Amino acid sequence: MKKNNHFELILFDIDGVLEYQGKVYPGAIELTENIREHGINLRFLTNSTLKSAKSAAFKLQSKGFNAYEQEVITASKATALYLKELNPRSIWLLLSREGVDEFSEFIHDSENPEYVVIGDCRDDFNFSNMNKVLQKVVEGAKLIGMISGLVDSSLGSLELNVGSWVGMIERAADVKATYIGKPNRFVFDLILKQFPTIDRKKVLMVGDSVASDIIGARNAGIRSILVRQGEFSEKHLSKKVKPDYIIDQISDLSNILFNC
Ligand SMILES: [Mg+2]
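Below is the structure:
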């Protein structure tokens, strides 16, 4: 193994990297096992807000991956950890499914929230709720978006994503939201804090999204590898943003990690 390919921590995006639309990519399970056998640390870093760390780990396990809850950071989990540091008086959480479980320790108050916290709340992105969010933010509640992505196709068809709704409130209320998930540095720092002795040059982000994974890695000062899978499109590549490596499929990562 060449010195410059010697990584000590590998961060895997999940959707589009290990699996996509219900199917595990060939070689993905074997790759993660191989990484463990080589004593390299790994974490699963997803921008999913609907899943909790627990439910995301369970989903990976059900598909055959060895994945532990402590190794998974979802955008909802990261947002809950961010809020915990702020110790808010109250929050109004707009979020669906298991991601909600990450926020059980907070005081929830949609009438007098200190923070309005927005993840994917599916059909609850309606006029009544968004109008109420606008009013609370104008009255002084601080706005947090779990992720900044505008659109998403990981569930099979193109959908509006959290950043579109939060961006609408930012414009209407003339405020700036705080965003937590990739590509924001906070979520990377959260993981890297667990590995204080590892040099950032020895940390690799593996992703299919230039906007969240590759730009996020650059923001965090770590290396990145782009996989031409999942949501990747050639038009996402630009001269300004260059991953350290590009591979066609996730199984090719072994060549970079172990055979060079
Ligand atoms: Mg992805």
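Using numbering that gives the first Met the number 0, you'd call the opening residue of the sequence shown number 0 and step up by one each time.
The beta-carbon is built from N, C-alpha and C at its ideal position, and this holds for glycine as well.
Keep in mind that this is a model prediction, so the values were computed, not measured.
Is DSSP giving residue i helix, strand or coil here?
{"i": "K1", "result": "Summary for K1: the model assigns pLDDT 43, below 50, so the residue's position carries little reliability; its value from the coordinates is reported in the next sentence. Reduced to three states, the DSSP call for K1 is coil."}
{"i": "R88", "result": "coil"}
{"i": "D123", "result": "helix"}
{"i": "G98", "result": "helix"}
{"i": "G166", "result": "helix"}
{"i": "V202", "result": "strand"}
{"i": "I146", "result": "coil"}
{"i": "N128", "result": "helix"}
{"i": "T31", "result": "helix"}
{"i": "E233", "result": "helix"}
{"i": "D188", "result": "helix"}
{"i": "D151", "result": "strand"}
{"i": "F64", "result": "coil"}
{"i": "N218", "result": "helix"}
{"i": "D12", "result": "coil"}
Output needed for residue i: all residues of its chain with C-beta closer than 8 angstroms, excluding positions within five of it in sequence on either side, in chain order.
{"i": "R42", "result": "L8, I9, L10, F11, E70, V71, I72, I190"}
{"i": "F126", "result": "none"}
{"i": "E169", "result": "L142, K175, A176"}
{"i": "D123", "result": "L93, S95"}
To the nearest angstrom, how far is it from the Cα of residue i to the Cα of residue j?
{"i": "K2", "j": "S109", "result": "Because the pLDDT of K2 is 43, which lies under 50, any placement of that residue in the model is unreliable, and the number read from its coordinates should be weighed accordingly. Computed Cα separation, rounded: 53 angstroms."}
{"i": "T31", "j": "L59", "result": "12 angstroms"}
{"i": "I213", "j": "P182", "result": "8 angstroms"}
{"i": "V202", "j": "K192", "result": "12 angstroms"}
{"i": "I13", "j": "L44", "result": "7 angstroms"}
{"i": "G148", "j": "I34", "result": "30 angstroms"}
{"i": "A79", "j": "F102", "result": "6 angstroms"}
{"i": "K239", "j": "V209", "result": "11 angstroms"}
{"i": "P25", "j": "V226", "result": "13 angstroms"}
{"i": "M0", "j": "I255", "result": "Low confidence applies here, because M0 scores a pLDDT of 40, under 50, leaving its location unreliable; read the following figure in that light. Whole-angstrom Cα-Cα distance: 9 angstroms."}
{"i": "E29", "j": "I179", "result": "31 angstroms"}
{"i": "E158", "j": "F194", "result": "35 angstroms"}
{"i": "L130", "j": "R222", "result": "The identity of residue 130 in the sequence shown is Asn, whereas the question assumes Leu. Distance between the alpha carbons of N130 and R222 is about 41 angstroms."}
{"i": "F57", "j": "Q248", "result": "24 angstroms"}
{"i": "G229", "j": "V99", "result": "26 angstroms"}
{"i": "S250", "j": "A27", "result": "6 angstroms"}
{"i": "I90", "j": "G162", "result": "19 angstroms"}
{"i": "S61", "j": "Q134", "result": "42 angstroms"}
{"i": "F231", "j": "H107", "result": "37 angstroms"}
{"i": "H37", "j": "V16", "result": "20 angstroms"}
{"i": "D119", "j": "E233", "result": "27 angstroms"}
{"i": "G63", "j": "S253", "result": "19 angstroms"}
{"i": "A216", "j": "S51", "result": "22 angstroms"}
{"i": "S75", "j": "S211", "result": "15 angstroms"}
{"i": "V132", "j": "N258", "result": "52 angstroms"}
Could you work out which residue in the options is closest to residue i when comparing CA atoms only?
{"i": "Y305", "options": "Y114, L149, S54", "result": "Absent from the structure is residue 305, since the part of the chain shown begins at 0 and ends at 259."}
{"i": "N46", "options": "N160, W91, L93, L85", "result": "N160"}
{"i": "I246", "options": "I146, I34, G206", "result": "G206"}
{"i": "G220", "options": "R199, K234, S232", "result": "R199"}
{"i": "Y67", "options": "F257, Y244, S54", "result": "S54"}
{"i": "N65", "options": "N128, N40, P112", "result": "N40"}
{"i": "D275", "options": "H5, L49, V23", "result": "An answer regarding residue 275 cannot be provided, because it is not within the stretch 0 to 259 covered by the chain."}
{"i": "M22", "options": "A140, S153, I146, K83", "result": "Reading off the sequence shown, one finds Lys at residue 22, where the question assumed Met. Closest by alpha carbon: S153."}
Spatial neighbours of residue i within its chain, please: C-beta separation below 6 angstroms, excluding the five flanking residues on both sides.
{"i": "V165", "result": "I117, G144, A176"}
{"i": "Q20", "result": "G155"}
{"i": "F187", "result": "A219"}
{"i": "P87", "result": "E113, Y114"}
{"i": "F105", "result": "I90"}
{"i": "E18", "result": "none"}
Under 7 angstroms Cβ to Cβ from residue i, same chain only, skipping five residues before and after it: list those, please.
{"i": "V137", "result": "A172"}
{"i": "P242", "result": "I213, S223, I224, L225"}
{"i": "I197", "result": "E7, L8"}
{"i": "R184", "result": "N218, A219"}
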